[in-house]
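The next block holds one structure in the form of structure tokens; read it before the comments.
In this note's numbering, the protein residues as written are 2 to 477.
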């Protein structure tokens with residue numbers, strides 16, 4: 002199968018799966034915004050931050066190392082040893098992490114919830130983090146084997162279980178934040194057994210310390226990189242909690258979660274693109290031909306979706322979001338735009354991974370994270386949660402710039418800058434028009450017109466849809 006067909010097929014599967022899972026999970030937003038006051042939703046988001054950080058240490062970059070080594074290794078025995086080493090490492094580190102969390106539950110509870118008596122919540126969050134880490138590593142098999150149907154199936158079952166658990170525990174039993182976390186733990190336990198049985202044929206004994214060591218050398222730089230990425234995506238909630246209150250953190254979190262629709266679309270592409278990124282990069286000349294042809298329509302597509310999403314946001318908030326959270330609509334514009342810059346970072350910084358220079362990854366994300374924190378400290382007192390939103394956009398733009406400066410020299414690729422900037426300008430104009438013009442039909446017209454212009458920008462020199470101009474022999 003040619004690259005264009007394989008990439009489109011996989012992206013569509015991941016995209017459809019993500020849309021289905023997020024659409025189902027979307028039902029949780031009206032549930033949370035009606036069952037939880039803003040300050041409690043803010044507490045939940047800080048526990049999400051803790052869970053995400055805990056998963057970083059549980060995996061220690063082994064998930065990224067597994068993906069790289071598995072895709073670039075053809076020997077089946079080596080692949081099995083790489084997978085076994087990763088699973089065993091993650092299980093052991095998760096167990097240690099849960100133990101440490103319960104020992105430090107009091108102080109952690111003070112920081113995350115504002116009360117030392119809620120240590121049980123933090124302990125539950127640690128258990129959830131450990132289970133999530135094991136599941137994430139196991140699900141990688143489907144991505145590495147380019148079998149998106151299996152990946153999406155497990156993810157879909159999991160989110161259905163989570164929604165059902167939330168309806169019972171949060172809505173009917175009124176268990177609040179603890180009900181949300183327990184619902185996640187129950188869902189993880191239900192799918193973990195069948196999932197490990199499915200990937201069990203990849204397990205091989207004994208565990209090779211040599212393989213563990215080689216993977217840690219490659220993956221450990223992703224620990225600071227992942228922590229910096231968390232600063233970019235979640236630390237603003239913590240800063241809002243201390244600088245503007247739990248209610249501000251909760252309102253901002255709802256807007257960020259809704260804008261996550263654009264990140265969802267990008268993630269669907271990233272999941273499909275991962276194996277091809279390494280395969281195409283074996284020859285710099287191949288990457289130089291194909292990378293720009295894929296990036297340009299991706300940026301245009303994300304821009305087009307941002308215009309559409311902001312355009313329908315009044316109706317979206319009216320029907321699905323509690324009134325106390327309606328001010329979160331303003332967050333959509335900068336956070337949606339941030340997803341476009343993250344997509345650019347994926348391509349601009351590809352050389353850091355494909356040329357085994359992962360030491361540069363934490364430099365890029367770390368610099369962007371520092372910018373994010375400083376901007377949040379400066380902007381939140383002045384503009385409340387909108388200061389955090391604009392800090393997010395600027396930080397992602399900085400990350401894209403740093404990715405290009407450090408990553409592109411390792412694997413030089415010439416990108417069509419004029420067209421990229423044209424897409425950004427047209428997207429910005431479309432979003433602004435859709436925000437300020439009130440009649441729905443007018444906003445629909447803006448949406449259609451913006452799409453047509455973006456289509457023409459991409460199609461001028463490479464065909465109506467650039468991705469379809471990638472020929473089969475481009476992959477050889």
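All residues carry an ideal CB built from backbone N, CA and C; glycine is no exception. Remember, predicted model here, so these are calculated numbers, not experimental data.
In the DSSP assignment, residue 455 falls within the unbroken alpha helix (DSSP H) covering 441 to 460. With contacts defined as CB atoms closer than 8 Å, residue 105 and residue 190 fail to qualify as a contacting pair. In the DSSP annotation of this structure, the continuous segment of the alpha helix (DSSP H) that includes residue 343 starts and ends at 333 to 349. Counting the other Cβ atoms within 10 Å of the Cβ of residue 276 gives 16 or more, which makes it buried. Using a Cβ distance threshold of 8 Å, residue 251 and residue 40 count as a contacting pair. By a beta-carbon distance limit of 8 Å, residue 293 contacts residue 414. Their separation comes to about 7 Å. DSSP places residue 421 in the uninterrupted alpha helix (DSSP H) bounded by 418 to 437.
In its own chain, leaving out the 5 sequence neighbours on each side, no residue places its CB closer than 7 Å to the CB of residue 246. For the set 93, 127, 103, the Cα lying nearest the Cα of residue 51 is the one of 127. Going by DSSP, residue 363 is part of the alpha helix (DSSP H) stretching over 362 to 384. In the displayed model, residue 283 falls within coil according to three-state DSSP, outside both helix and strand. The criterion of a C-beta distance shorter than 8 Å is not satisfied by residue 369 and residue 331.
Leaving aside the five residues that flank residue 349 on each side, the residues in its chain whose CB is nearer than 7 Å to its CB run, in chain order, 401, 404, 405, 408, 409. Its chain contains 424, 455, 459 as the residues whose beta carbon lies nearer than 6 Å to that of residue 301, once the 5 sequence neighbours on both sides are disregarded; these appear in chain order. Of the residues 262, 336, 326, 33, the one whose Cα lies closest to the Cα of residue 171 is 33.
At least 8 Å separates the beta-carbon of residue 398 from that of residue 320. Counting along the chain, the unbroken alpha helix (DSSP H) around residue 96 starts and ends at 77 to 104.
In this structure, residue 377 sits away from residue 233, with a CB-CB distance that is not shorter than 8 Å. Taking each of 63, 382, 324, 268 in turn and checking the Cα distance to residue 30, the smallest one comes out for 324. In this structure, residue 264 keeps its C-beta atom at 8 Å or more from the C-beta atom of residue 86. With a contact defined as Cβ atoms closer than 8 Å, residue 447 and residue 438 qualify at about 7 Å. In this structure, residue 219 sits away from residue 73, with a CB-CB distance that is not shorter than 8 Å. Between residue 82 and residue 203, the alpha-carbon positions lie close to 8 Å from each other. Distance from residue 451 to residue 308 at the Cβ level is roughly 5 Å; contact confirmed, criterion being Cβ atoms closer than 8 Å.
In this structure, residue 65 keeps its C-beta atom at 8 Å or more from the C-beta atom of residue 270. Contact between residue 389 and residue 381 holds: CB atoms are separated by about 6 Å, below the 8 Å threshold. Assignment of residue 293 by DSSP, reduced to helix, strand and coil, places it in the helix class.
The alpha carbon of residue 197 has as its nearest neighbour, out of 63, 92, 111, 259, the alpha carbon of 92. Between residue 372 and residue 346, the C-beta spacing is not below 8 Å. Residues 39, 40 of the same chain have their beta carbon placed closer than 6 Å to that of residue 248, with the five preceding and five following residues left out of the count. In this structure residue 336 does not touch residue 436 by the C-beta definition: roughly 14 Å separates them, more than the 8 Å allowed.
Put simply, of 289, 84, 327, 354 the residue whose alpha carbon is nearest the alpha carbon of residue 206 is 84. The C-alpha of residue 124 lies about 49 Å from the C-alpha of residue 287. Beta-carbon to beta-carbon, residue 182 and residue 159 are separated by about 15 Å, too far to satisfy the 8 Å threshold. Selection 114, 162, 60 evaluated against residue 130 yields 60 as nearest (Cα-Cα).
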